[in-house]
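Peer 1: Structure provided below as structure tokens; questions to follow.
Residue numbers (the working numbering): 1 to 265.
Set out below in structure tokens:
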């Protein structure tokens, strides 16, 4: 933030853009175990045993944007001989005055991310009693999967003027893609002069799914009689949708292009 006025002049283009942070991870795991025991008591000899195995893997990736901020307490002046572009940036001051020799574009950038994981596990166990006695056996299997993804604008790009309003003159086309030209001033202090203007919104979404499948078997003298056979299946799904909308504060919009075109997405 700078007290007073800020002036930015360029013979060609001006670009304000965000800083980008990219992260990705990938992991996998695997484990196995086995044990056998033998004992002798008053009831005779007996044996027990168990084995287990599990395997899993997962991955994630995300891209995050941190908007650039040009902040003045007075008037922010910007003049470019060519294009002026805000791509993940916010220009704010009590008043905004901008002259653009080419096209003027404000684009909000979306953070994105996705993740996935899966895990499989199996285990078996047995117990053998004394000679002539009964035996037992158990087994289980479990398979879990999950995934998620999101695409969302965290901070909208744009012009944010205070009570002084804004005066923006664009020789070419103005294009807002989830962009904002805003002020807290009355409408008579806001003016946008441009050849043409187009606006569009950005869809935001977040989705997640998860599933779990498994079974278990157990019983005494299992070969002769399966005492229990349980199948478990579970699924879950959730999601959310939204939009980052382009917007311009109330004021005068003067179109100088031959077609006097204004397209609102």
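Glycine residues also receive a C-beta, built at the ideal position from the N, C-alpha and C atoms.
Computed from a predicted structure; not experimentally measured.
I want to see whether chain D comes within less than 8 Å of residue 14, judged by CB atoms only; does it?
Peer 2: No chain D appears in this structure, which consists of one protein chain only.
Peer 1: Out of curiosity, what's the CA-to-CA distance linking residue 25 and residue 187?
Peer 2: The alpha-carbon atoms of residue 25 and residue 187 are separated by roughly 49 Å.
Peer 1: For residue 250, does the three-state DSSP call read helix, strand or coil?
Peer 2: Looking at residue 250 - three-state DSSP - the assignment turns out to be coil, as it is neither helix nor strand.
Peer 1: Using the rule of at least 16 other Cβ atoms within 10 Å of the residue's Cβ for burial, across every protein chain shown, is residue 30 buried or exposed?
Peer 2: By the 10 Å Cβ count, residue 30 comes out exposed.
Peer 1: Would you say the stretch 117-127 touches the stretch 91-101, given that touching needs at least three Cβ pairs under 8 Å?
Peer 2: No, because fewer than three Cβ pairs between the stretch 117-127 and the stretch 91-101 fall closer than 8 Å, the two stretches do not touch.
Peer 1: Here's the rule I'm using: 16 or more other beta-carbon atoms within 10 Å means buried, otherwise exposed. How should residue 65 be labelled?
Peer 2: Buried, by the Cβ-count rule.
Peer 1: Report yes or no: do the stretch 75-90 and the stretch 110-119 share at least 3 C-beta pairs separated by less than 8 Å?
Peer 2: Result no; under three Cβ-Cβ pairs closer than 8 Å.
Peer 1: Is it right to say residue 97 is buried, meaning 16 or more other beta carbons lie within 10 angstroms of its own, or is it exposed?
Peer 2: Residue 97 comes out buried.
Peer 1: Hey, residue 158 and residue 202 are a contact pair by Cβ (cut 8 Å); roughly how many whole angstroms apart?
Peer 2: Going by Cβ atoms, the distance from residue 158 to residue 202 rounds to 13 Å, so no, they are not a contact pair.
Peer 1: Ends of the beta strand (DSSP E) at residue 79?
Peer 2: Element bounds for residue 79: 75-80.
Peer 1: Is it buried or exposed, residue 185, if we count other Cβ atoms within 10 angstroms and call 16 or more buried?
Peer 2: The residue in question, residue 185, is buried, as its Cβ has 16 or more Cβ neighbours within 10 Å.
Peer 1: Starting from residue 109, trace the beta strand (DSSP E) in both directions and tell me its first and last residue.
Peer 2: Taken as a continuous stretch (DSSP letters only), residue 109 belongs to no beta strand (DSSP E), as it is neither H nor E.
Peer 1: Using DSSP's beta-bridge definition, name the partner residues of residue 235.
Peer 2: Per DSSP, 211.
Peer 1: Span of the beta strand (DSSP E) holding residue 172?
Peer 2: Its beta strand (DSSP E) spans residues 158-177.
Peer 1: For the beta strand (DSSP E) containing residue 190, name the first residue and the last one.
Peer 2: Run containing residue 190: 190-200, per the beta strand (DSSP E) assignment.
Peer 1: Return the residue from the list 74, 15 and 127 that minimises the CA-CA distance to residue 47.
Peer 2: Per the Cα distances, 127.
Peer 1: Closest to residue 255 by CA distance: which of 45, 81, 195 and 176 is it?
Peer 2: For the residues 45, 81, 195 and 176, the minimum Cα distance to residue 255 belongs to 195.
Peer 1: Would you mind stating whether residue 9 and residue 79 have Cβ atoms separated by less than 8 Å?
Peer 2: A contact, by the Cβ cut-off of 8 Å.
Peer 1: For residue 137, count the other beta carbons within 10 Å of its own beta carbon; 16 or more makes it buried, fewer makes it exposed. Which is it?
Peer 2: Its Cβ being crowded by 16 or more others within 10 Å, residue 137 is buried.
Peer 1: Helix, strand or coil for residue 10 per DSSP?
Peer 2: The answer is strand: DSSP assigns residue 10 an E or B state.
Peer 1: Beta-carbon within less than 6 Å of residue 32's beta-carbon, same chain only, minus the 5 sequence neighbours each way: which residues are those?
Peer 2: 53.
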